[in-house]
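Here the structure comes first, spelled out in structure tokens, and everything after it is commentary.
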Amino acid sequence: MTASLNENKATVAEAGEGRVRDVEVLIVGSGFSGLIAGAQLRRSGRLGFTIIERADEVGGTWRDNTYPGAACDVPSHLYSLSFRQDFSWSRSFGHQSEIHRYQREVARAEGLYDHIEFRTEMTDATWHEEDRRWHVTARRLDDADGAEPVVFRARELVLGVGALCEPKLPDIPGIAGFEGEMFHSARWDHDADLEGKRIAVIGTGASAIQIVPEVAKVAGKLTVFQRTPPYIMPRIDRPYAGFEKALLKRVPALRRIVRAQDWLLRESQVPGLTTGAEWTMKPLMWAHQALLRAQVRDPELRAKLTPDYRIGCKRMLISNKYYPAMARDNVELVTSGIEEIGPHSIRTRDGVEHEIDVLIICTGFHVTDSPTFHLVHGRDGRSLAGTWGEEGMEAYKGTVVHGFPNMTVMMGPGTGLGHSSMLQMLEAQVRYFLRRLDYRDARGLDVADVTAEAQERYNDWMRDRLKPSAWVTGCSSWYIDDKGNAPAVWPSTTTRFILEHRKFDPKAYDFVAAG
Ligand code: NAP
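Residue 1 is where the sequence shown starts when you use our numbering, and the numbers rise one by one after that.
Here it is, written out as structure tokens:
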């Protein structure tokens, strides 16, 4: 892997001076991470930044996940930027197309389009000690094969590539030989004809439970292959009436109240997730049980849909449509485990052959093993993947990594949430980044590298916090790595994360003075 990826690395000399670009800050990705970083840099008067984006529009996850039914599980006024609340949401929980429109509006209003180079993909980022710069090699996707890459020489690197961006395909024997239509939930094939077809969905996570009700409406037969049932709660979602929209648009105080109320409600779940206080989750458990009982009459199906692990261990989901879809005559829930995929069928461990025309893969993303980790090389030449290979992924405050100076990892290790809005976490990370730049500039410093000791202390604290948490009670999820640790998840309230990122803490860093 490393050898082939290194072929993508170009030195400044190889790239040719015409293809070398000096920038103060290079931001990789224009999803919410890149948009927040760019907007706040601009607002602070730092205009020397460039955002590179491999697609041809901003948006990241919300641009790519166009599957039918795609919508957010966090209410609109909370799942929007604190500094861009003046958007007229059509309903209490935003749908994908509306969230993507919001992102485009943010990019336009914050003047970010002038900073973005689209269809430009990072193939390598290496820290160079001699000029104290990140050399980021990028490929222009519209260039002819063999064209020279561009090298951005950047003082600061912001990795905004997202945690849920690299689709994960299941390692099931025979999958490559499937001859029907096959696509991942995050790469929806809008040309695929689903009408009357025999369709299979593998996976029952957040994506699948939104897809299943939509596909069930058109499929001849839909077979859902479930490994573990999720906890599903009612979705208290509705369109806003005209007067509500008008009021929310014109009265900022009202938006703040709605946002604060959504925020507090979600923060109240934290003790139940992070401590042994499982009883605090009882109301959610009752809501789940009531929904399942009301929507699924068949006791056998209900038993199959009933989770047998601690609530909160996997992400809790919300839907009013999933259980009714599972109870439809044209939908079958299969729980016997997949043995093999044939050219036109899936064989389960009980020996049954399920004939299918279309296979929809809803098995999530590479989170703790993202391919991007192989592309970024720090002080000792090792990649992030190499550095994290033995111990698992680790950062300081989820944002900076020892040995990778002047780098900010958006949505880094230990920032994932099971209960609230990631946008609050991203805004906190960007605030911390800007405080570091202020500190650097005020003292004439050039390089800041978090110390190994500070990072170790921080991660010891994280590990202690995670021990009694719901996430490590035995279920599988994208929070957990292959060692059974939960390095992806933040084990406290978003409030605490925000407070911890309000100020820069120079004692945790080694610095090199400019010059
Ligand atoms: P996911 O939550 O990781 O779910 C993956 C599903 O695939 C699980 O049911 C898993 O089963 C199953 N699976 C994985 N490998 C399998 C295999 N080899 N054979 C059979 N089944 C397999 O992925 P996702 O649904 O795409 O969601 C990912 C994250 O994206 C969510 O947690 C959420 O943060 C975000 N998201 C949010 C929304 C929203 O806000 N509404 C919507 C979509 C996604 P096991 O449970 O047994 O592992």
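All residues carry an ideal CB built from backbone N, CA and C; glycine is no exception.
Query raised in the report: Exposed or buried, which one is Glu-7 when buried takes at least 16 other CB atoms within 10 Å?
Result: Residue 7 sits at position 7 when you count from the first residue of the sequence shown. Its pLDDT being 46, under 50, Glu-7 is placed unreliably by the model, and the measurement read from it follows with that caveat. It is exposed - the Cβ of Glu-7 has fewer than 16 other Cβ atoms within 10 Å.
Requested in this report: Compute the Euclidean distance between the alpha carbons of Ala-71 and Pro-234, then round it to the nearest angstrom.
Outcome: Sequence index remark: in the sequence shown, residue 71 carries index 71 (1-based). Sequence index remark: in the sequence shown, residue 234 carries index 234 (1-based). Approximately 14 angstroms between the Cα atoms of the pair.
Query raised in the report: Would Arg-238 be called buried (16 or more neighbouring beta carbons within 10 Å of its own) or exposed?
Result: Here residue 238 refers to the residue found at position 238 when the sequence shown is read from its first residue. Arg-238 is exposed by the Cβ-count criterion.
Query raised in the report: Would you say Asn-65 touches ligand 1, meaning its beta carbon is less than 8 angstroms from a heavy atom?
Result: Position 65 of the sequence shown, counted from the first residue, corresponds to residue 65. Checking every heavy atom of ligand 1 against the Cβ of Asn-65, one is found closer than 8 angstroms.
Query raised in the report: Can Asp-171 be considered in contact with ligand 1, in the sense that its beta carbon sits closer than 8 angstroms to one or more heavy atoms?
Result: As a working note, residue 171 is residue 171 in the sequence shown. Asp-171: yes, Cβ under 8 angstroms from ligand 1.
Query raised in the report: If Pro-170 sits next to Ile-202, beta carbons under 8 angstroms apart, how far is it from one beta carbon to the other, in whole angstroms?
Result: Reading the sequence shown from its first residue, position 170 is the one you call residue 170. Reading the sequence shown from its first residue, position 202 is the one you call residue 202. That belief holds up - the Cβ atoms of Pro-170 and Ile-202 are roughly 6 angstroms apart, short of 8 angstroms.
**Report entry** Endpoints, the alpha helix (DSSP H) within which Asp-73 is located
**Finding:** As a first step, residue 73 must be located in the sequence shown, where it is residue number 73. Here Asp-73 belongs to no alpha helix (DSSP H), and DSSP marks it neither H nor E.
Report task. Kindly indicate which three-state DSSP category Leu-445 falls into: helix, strand or coil? Result -> Position 445 of the sequence shown, counting from 1, holds the residue named residue 445. In this structure, Leu-445 counts as strand in the three-state DSSP scheme.
Query raised in the report: At a cut of 8 angstroms, does the segment 314-324 reach the segment 207-224 through at least three beta carbon pairs?
Result: yes
Query - Where Thr-280 falls: helix, strand or coil (DSSP) - result: Here residue 280 is taken as the residue at index 280 of the sequence shown, counted from 1. Residue state, collapsed to three classes: helix.
Query raised in the report: Should Gln-210 be listed as close to ligand 1, given that the test is whether its C-beta is under 8 angstroms from any heavy atom?
Result: Stepping through the sequence shown from its first residue, residue 210 is reached at position 210. True, at least one ligand heavy atom lies under 8 angstroms from that Cβ.
Requested in this report: For the segment 89-140, list the beta strand (DSSP E) runs that are entirely contained and at least 3 residues long, ordered along the chain.
Outcome: Counting whole runs of 3 or more residues, the segment 89-140 contains the beta strand (DSSP E) stretches 120-128, 133-140.
Query raised in the report: Should Cys-165 be listed as close to ligand 1, given that the test is whether its C-beta is under 8 angstroms from any heavy atom?
Result: Along the sequence shown, read from residue 1 onward, the residue named residue 165 stands at position 165. Checking the Cβ of Cys-165 against ligand 1 gives no.
Query raised in the report: Taking 8 angstroms as the cut-off, does the CB of Arg-315 come closer than this to any heavy atom belonging to ligand 1?
Result: Here residue 315 refers to the residue found at position 315 when the sequence shown is read from its first residue. The answer is yes for Arg-315.
Query - Tyr-113 beta carbon less than 9 angstroms from that of Gly-94 - result: The count along the sequence shown starts at 1 and reaches residue 94 at position 94. The count along the sequence shown starts at 1 and reaches residue 113 at position 113. No. Outside cutoff.
Query raised in the report: So, Ala-327 versus Gln-295, is the Cβ gap smaller than 9 angstroms?
Result: Residue numbering aside, residue 327 sits at position 327 when the sequence shown is read from its first letter. Residue numbering aside, residue 295 sits at position 295 when the sequence shown is read from its first letter. Their beta carbons are under 9 angstroms apart, which means Ala-327 touches Gln-295 by this criterion.
Query raised in the report: Using a Cβ-Cβ cut-off of 6 angstroms (strictly less than) and excluding sequence neighbours within five positions of Thr-415, which residues of its own chain qualify?
Result: Indexing the sequence shown from 1 puts residue 415 at position 415. Here Thr-415 has Gly-398, Met-425, Trp-490 as same chain residues with Cβ atoms under 6 angstroms from its own Cβ, once five neighbours each way along the sequence are excluded.
Query raised in the report: Between Glu-179 and Asp-189, is the Cβ-Cβ spacing less than 9 angstroms?
Result: For the purposes of this step, residue 179 is taken as residue 179 along the sequence shown, with counting starting at 1. For the purposes of this step, residue 189 is taken as residue 189 along the sequence shown, with counting starting at 1. No; because the gap between Cβ atoms is not below 9 angstroms, this pair is not in contact.
Query raised in the report: Closest to Lys-467 by CA distance: which of Thr-274, Gly-160, Leu-81, Asp-73 is it?
Result: Indexing the sequence shown from 1 puts residue 467 at position 467. The residue with the shortest Cα to Cα distance from Lys-467 is Thr-274.
Query raised in the report: Mapping DSSP to helix, strand and coil, what is Arg-21?
Result: By one-based count along the sequence shown, residue 21 stands at place 21. It is a strand residue.
Requested in this report: Less than 8 angstroms between the CB atoms is what I'm expecting for His-377 and Trp-127, so what's the real figure, rounded?
Outcome: Here residue 377 is taken as the residue at index 377 of the sequence shown, counted from 1. Here residue 127 is taken as the residue at index 127 of the sequence shown, counted from 1. That pair is a contact at about 7 angstroms.
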